[in-house]
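Residue numbers (my numbering): 62 to 412.
Down below is the structure, laid out as structure tokens.
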């Protein structure tokens, strides 16, 4: 049971439509509503309240400095919780986890592309973006589509588990870091002996996890994973940089052979107060395989920016189209563009 004070704060915040609740001992709570930080008017949260909450999350404040976990409040609503210390003060950020998994159409994910990717028998699919860009929700939506259309054994390795899948055509084994396993790499290695068809990896964080993920893709499994990065080429560069110089060439060869595609995303405010999912994507084919192997990110970026195939789309082209159709303002689109000059040129129809 969550601390009563914090449970009341969480219920009030999320019923009001907040996406995040920020807590710190001896400070008033804050919420994120419509992508702005606001103070809802509650009293400061005491040290005793925060310590009690940490302990309920199985974190001893005397020995733990930060922890990702999940927690439930009355009514069964699940929250994603990050505990941390700020200037020595006990702090936390709480985010509600939606019970119903939205469809790809509802999210704005390019459905035809992603359903093709997750229908493959083997390979690596990357969903990338900054924190809070909806990567986990996109993957959950894609796997729910698999659940409704294919008979697969799906193993998820997450920190923490966000969406809980009800077995339909597919059978799910969901494992949470700390609760069910000690590390992503250990769980990933173990999963290969659990007869998986699809492995969802909550995040590729280090070289060991990246190497095992590639080995899993090479040996006939479909691996879908997230990466904290911005844009397709940045994602490929970040993944390449996880490998040591001695391993990089062989690892890039594996990546070039087994990468299916990269979907990068960010969430942008709509004029009506909602959020738009902005995407950039690349499907790995003959030409891009060579560039990935060569670590030639300039050639990959040029290929995406040409926009001569529905399989590939750059952020800037997506943003121009979204602004021209009124889904977001020109100002929001321009600020989100990787290169403002490229945005201005395309927005005005200058080739």
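Every residue gets a Cβ at the ideal spot worked out from N, C-alpha and C, and that includes glycine.
Given the structure is predicted, the values throughout are model-derived calculations rather than measurements.
The alpha-carbon of residue 70 is positioned some 43 Å away from that of residue 184. Distance from the Cα of residue 216 is smallest, within the candidate group 191, 193, 237 and 257, for 257. Taking 8 Å as the upper bound for CB-CB distance, residue 127 and residue 145 are in contact here, some 4 Å apart. The region 379-392 makes contact with the region 329-343, as at least three CB pairs between them are under 8 Å. Between residue 154 and residue 83, the C-beta gap is smaller than 8 Å, which places the two residues in contact.
Around residue 358, the same chain offers 294, 297 and 298 as residues with beta carbons nearer than 7 Å, after the five sequence neighbours per side are excluded. Residue 194 sits in coil when the DSSP states are folded into three classes, being neither helix nor strand. Inter-residue distance for residue 364 and residue 341 is about 12 Å (C-alpha atoms, whole angstroms). In the structure shown, the three-state DSSP call for residue 371 is coil.
Taken through DSSP and simplified to helix, strand or coil, residue 130 comes out as strand. Its chain contains 185, 249, 262, 265, 284 and 286 as the residues whose beta carbon lies nearer than 7 Å to that of residue 274, once the 5 sequence neighbours on both sides are disregarded; these appear in chain order. DSSP links residue 109 through a beta bridge to no other residue. Residue 305 places its beta carbon less than 8 Å from that of residue 268. With three or more CB-CB distances shorter than 8 Å, the region 154-166 counts as touching the region 122-141. In the DSSP annotation of this structure, the continuous segment of the alpha helix (DSSP H) that includes residue 319 starts and ends at 306-319. Linking residue 206 to residue 164 through their CA atoms gives a straight-line distance of about 8 Å.
Within the same chain, Cβ atoms closer than 7 Å to the Cβ of residue 98 are found at 91, the five residues on either side in sequence being excluded. Between residue 181 and residue 151, the C-beta spacing is not below 8 Å. A direct Cα-Cα distance of roughly 25 Å separates residue 66 from residue 220.
Per DSSP, residue 213 lies in no alpha helix (DSSP H) and is assigned neither H nor E. According to DSSP, residue pairing for residue 325 in a beta bridge involves 189 and 341. Taking a 10 Å sphere around the C-beta of residue 255, we find fewer than 16 other C-beta atoms and assign the residue as exposed.
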